[in-house]
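Below: one structure, written as C-alpha cells.
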Amino acid sequence: MTPEQNRHAAQLAFVASGAELNIGTPEECPLPVDQLVATRGDEPYVRERFSAGLTAHVYRIHAQGQDWTLKLAREKCKVQNVDGQTSFLNEIQRRADLRHLKHDPLLTDRLSAIVDTRYASFRHGVLLSPWIEGVAIQAWDERQLLQLFDTLVALLLGGLFEWDLCTGNTLDDGQVRLFDFGYMYRFDPLRAFNSNGTAMPQFHAAERFETRQYFAHLLRLEQDGERLALDAFTLEKRIAVEAYQGLRAELASRGAAPVVLDWLDGIIATWKRALVNDVSELYLQEAWRSHWLDLHDDLSGQTCTPSTLARIGWLERTARERYADVQRLVVVESKNRLFDQLREARQLAQRWQVA
Ligand SMILES: Nc1ncnc2c1ncn2[C@@H]1O[C@H](COP(=O)(O)OP(=O)(O)OP(=O)(O)O)[C@@H](O)[C@H]1O
Ligand SMILES: [Mg+2]
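What follows is the structure in C-alpha cells.
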C-alpha cells in the first residue's frame, strides 16, 4: 500500500470504529459543548458566519471576553474524494500533533504562527480556536513571505506536510498565520519528500504555496505588466532558496538520507541558476505546473471557482502563444490533445462552480 492508501485505510477505520478523539476537555470550553454543537448562526454570541468553508461551518463567536472560531463539521464535506471526506478527522489529528510539537523547545517559537486549539471533539464535530484578527493576503510582501517560509520549514522539521496553502487558509495579523489543517499529513522528513514518501518529488512546500496560491497572485500581477510578476516571483524564489538551504542544513545535521538531501540540492541549484541567469524560463515552467496542478486539484474535488477559470485561460493563452517553449520546459501532450484537455477542463470547471 502507498502511504496515501495507508492513511485512507487508517482514517476510514477510525471513523467506522466509533472511537472519539478529543483535544482539551469540555471544562476548558468558554461555552458548554452542547451549546457549541447546536449553534446555527442566529445566536447572540455569534458575531460572524462563514459560508466559504467546504469542510465545516465556521462561526466567529464571543464568549468569556474574547472571540473564538467555532468550526462545526458539515454532514458531508463538499470535497468529493476520500481526502475531503476524512478532512475533519484529519484536522483534529493534526491539531493534536501540533499541540505536541508546540511543546518541543526547538520548535515552540517557530510554530507560534500556528493557531492554538482550545477544544476539539471528533464525534461532536466541533473545533474551537482563538479568533485571529487578521486579513486575507492579496499581495505578498517580503515580511509575509519570510514568515510563511519560516513556518513551513518548522512544520517540515516537525514531520508535517501541508498540501492546501490556498488563499482561504492564510491570514495576516502582523504575523502570517495558518489555521486550517484538513489536508496536512504526517511524513518522515529524514526519509521522505512529502506524505507520499519518495514517489512524488514534484511536491514540496514552496511548490504547494506557488500552486495553491502564489501563482494566482502572479497571474493578477501579469495583467499590470510582466515585469511586476517576474519581480514578485524573484523575491519569492530568493526567500525560498534561503529557507530551503536552512532546511537542508538542519535535516543533514539530523542524519537525513542522501535521497532527501540530493533532492533538495537539486531544487536549490535549479532556483539559484535561474536567479543569476534569467528567471523568465523558470517562471514559465513553474507557472505552467502551478496552474495545471491547481486546476486538477479543483477538478478532482469538483470544487471550482472563477479563479479555476482564470487559470484555464492562462493555460490556453500560453499554449497558443508559446507552445514550443512550454514543450521544451515541461512534459506536455501534443498541441491538439492539450487543447482538447483544456476544452474539457473548461466545461467541467463551469459545471462544478461552487457558490
Ligand atoms: N482562527 C480563525 N480566525 C479568523 N478567521 C478564521 C479562523 N479560522 C477560520 N477562519 C475563517 O474561516 C474561513 C474558513 O475556515 P477554514 O479554512 O478553517 O474552514 P474549511 O471548511 O476547512 O475550509 P476549506 O475546506 O474550504 O479550506 C477561513 O478562510 C477564514 O476566513
Ligand atoms: Mg480552509
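So the sequence shown is numbered by the UniProt record's numbering: it starts at 1 and just counts up by one.
Beta carbons: idealized from backbone N, C-alpha and C, even for Gly.
Owing to the predicted nature of the structure, the values given are computational and were not obtained by experimental measurement.
Alpha carbon of residue i to alpha carbon of residue j, nearest angstrom
{"i": "Asp104", "j": "Leu338", "result": "48 Å"}
{"i": "Glu20", "j": "Asn90", "result": "13 Å"}
{"i": "Trp163", "j": "Asp294", "result": "11 Å"}
{"i": "Phe14", "j": "Arg74", "result": "18 Å"}
{"i": "Ala252", "j": "Val33", "result": "45 Å"}
{"i": "Asp97", "j": "Asp116", "result": "11 Å"}
{"i": "Ile312", "j": "His291", "result": "7 Å"}
{"i": "Val37", "j": "His124", "result": "7 Å"}
{"i": "Leu156", "j": "Arg248", "result": "11 Å"}
{"i": "Ser121", "j": "Asn22", "result": "5 Å"}
{"i": "Val126", "j": "Leu72", "result": "5 Å"}
{"i": "His296", "j": "His62", "result": "38 Å"}
Distance cut-off 7 Å: residue i Cβ against heavy atoms of ligand 1
{"i": "Val58", "result": "yes"}
{"i": "Leu171", "result": "yes"}
{"i": "Ser280", "result": "no"}
{"i": "Asp83", "result": "no"}
{"i": "Ile312", "result": "no"}
{"i": "Ser129", "result": "yes"}
{"i": "Lys71", "result": "yes"}
Reduced DSSP category for residue i - H, G, I as helix; E, B as strand; rest coil
{"i": "Tyr323", "result": "helix"}
{"i": "Lys71", "result": "strand"}
{"i": "Ser195", "result": "coil"}
{"i": "His103", "result": "coil"}
{"i": "Ile267", "result": "helix"}
{"i": "Phe88", "result": "helix"}
{"i": "Ser334", "result": "coil"}
{"i": "Ile239", "result": "helix"}
{"i": "Asp42", "result": "coil"}
{"i": "Phe161", "result": "strand"}
{"i": "Phe339", "result": "helix"}
{"i": "Pro130", "result": "strand"}
Cβ-heavy atom distance, residue i to ligand 2, below 7 Å
{"i": "Gly168", "result": "yes"}
{"i": "Asp67", "result": "no"}
{"i": "Asp231", "result": "no"}
{"i": "Asp180", "result": "yes"}
**Any 3 or more C-beta pairs closer than 8 Å across the region 161-172 and the region 127-144** = When C-beta atoms of the region 161-172 are compared with those of the region 127-144, three or more pairs fall below 8 Å, so the two segments count as touching.
**Sufficient close CB pairs (3 or more, under 8 Å) joining the region 333-351 to the region 305-322** = yes
**Prompt:** So, do the region 230-247 and the region 202-216 have three or more beta carbon pairs nearer to each other than 8 Å?
**Reply:** By the Cβ rule, the region 230-247 counts as touching the region 202-216, because three or more pairs are nearer than 8 Å.
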